[in-house]
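Colleague: In this note's numbering, the protein residues as written are 269 to 522.
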């Protein structure tokens with residue numbers, strides 16, 4: 269079951285948010301939207317960003333309103349959530365109201381920021397355009413099924429492949445903390461980030477993406493030395509006949 273965060277303005281897209289929840293549940297996943305969380309101790313935006321951190325997928329729905337903006341940046345809450353999802357390397361499914369679709373006049377507020385945001389959503393990503401709730405529901409279900417079919421599971425990742433994981437860490441596609449707490453999900457995320465940066469086919473099956481990354485990283489030149497933490501991790505996670513010798517520790521990796 270995947271956690272799916274739903275991001276949009278609220279009053280004008282309430283029907284669409286409800287439809288998104290229904291589709292997410294129908295496909296066996298867990299919808300996350302702020303109105304379902306009840307009272308939260310944190311400020312609303314901070315709470316939303318934490319939910320995005322924990323989500324597996326973010327759905328962004330945009331119609332004819334830019335929405336409430338932050339006082340400190342002037343950026344809308346929805347665009348801020350989108351930016352946070354990008355920074356967190358979360359997969360995003362974006363849905364935009366078609367320009368030719370009929371829409372209630374009172375829910376239209378044209379402004380340059382909205383046009384820039386819509387353009388930003390369409391740049392470097394595939395988006396779906398909808399004209400009605402049934403149209404949106406159908407396109408969301410198709411997109412969500414496609415995402416789920418391509419999504420690697422933690423069981424697809426092997427932490428026995430330590431050299432590959434190490435290369436990802438030193439190449440900054442995984443945090444150093446990953447070496448302290450090996451986590452298949454973090455490994456999958458790191459491979460996906462590396463793949464995006466190196467133009468690996470993201471629609472290919474996970475084993476194929478993993479193998480492409482393995483070959484490319486093995487062929488790359490590296491001057492990185494093994495650290496004491498790396499050697500300790502190897503000993504803790506894989507039986508070794510003899511501990512490696514003659515490899516100076518790198519004290520910068522802690």
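Using N, Cα and C, we set each Cβ at its ideal position, and we do this for glycine too.
Would residue 285 and residue 300 be called neighbours here (beta carbons separated by less than 8 Å)?
Modeller: No, the pair does not count as a contact, with Cβ atoms beyond the cut-off.
Colleague: Measure the CB-CB distance between residue 343 and residue 337 and report whether it falls below 8 Å.
Modeller: Closer than 8 Å, so yes.
Colleague: Across which residues does DSSP place residue 271 in a beta bridge pair?
Modeller: Its beta-bridge partners are 298.
Colleague: To the nearest angstrom, how far is the alpha carbon of residue 523 from that of residue 409?
Modeller: As shown, the chain starts at 269 and ends at 522. That puts residue 523 outside it, with no answer to give.
Colleague: Hey, residue 270 and residue 324 are a contact pair by Cβ (cut 8 Å); roughly how many whole angstroms apart?
Modeller: Indeed, because the Cβ distance is near 4 Å, the residues count as touching under 8 Å.
Colleague: Exposed or buried, which one is residue 316 when buried takes at least 16 other CB atoms within 10 Å?
Modeller: Counting Cβ neighbours within 10 Å, residue 316 comes out buried, since at least 16 surround it.
Colleague: DSSP beta-bridge partners for residue 362?
Modeller: The partner list for residue 362 (beta bridge, DSSP) reads 328, 395.
Colleague: Just to confirm my understanding: we take residue 397, look at its own chain, exclude 5 residues before and 5 after, and list those with CB closer than 7 Å. What are they?
Modeller: Only 364, 366 meet the Cβ criterion.
Colleague: Can you tell me the Cα-Cα spacing of residue 311 and residue 386, whole angstroms?
Modeller: Computed Cα separation, rounded: 26 Å.
Colleague: Give the single residue among 293, 478, 347 whose Cα lies nearest to the Cα of residue 413.
Modeller: Measuring from the Cα of residue 413, the nearest candidate turns out to be 293.
Colleague: Helix, strand or coil: which one does DSSP assign to residue 344?
Modeller: Here residue 344 sits in strand by DSSP.
Colleague: Using the three-state DSSP reduction, which class does residue 278 fall into: helix, strand or coil?
Modeller: Here residue 278 sits in coil by DSSP.
Colleague: Run the CB neighbour count on residue 469, radius 10 Å, all protein chains shown included, and call it buried at 16 or more, exposed below.
Modeller: Exposed.
Colleague: Quick one, are the C-beta atoms of residue 466 and residue 454 less than 8 Å apart?
Modeller: It is not a contact, given that the beta carbons lie outside the stated cut-off.
Colleague: Short of 6 Å in beta carbon distance, which residues of its chain neighbour residue 309, apart from the five on each side in sequence? Order them along the chain.
Modeller: Note that residue 309 has pLDDT 47, beneath the 50 cutoff, so the model's placement of it is unreliable and the number below is only indicative. Cβ neighbours of residue 309 beyond the five flanking positions: none.
Colleague: Taking the alpha carbon of residue 334 as the reference point, which residue from 356, 357, 291, 383 has its own alpha carbon closest?
Modeller: With distances taken between Cα atoms, residue 334 lies closest to 383.
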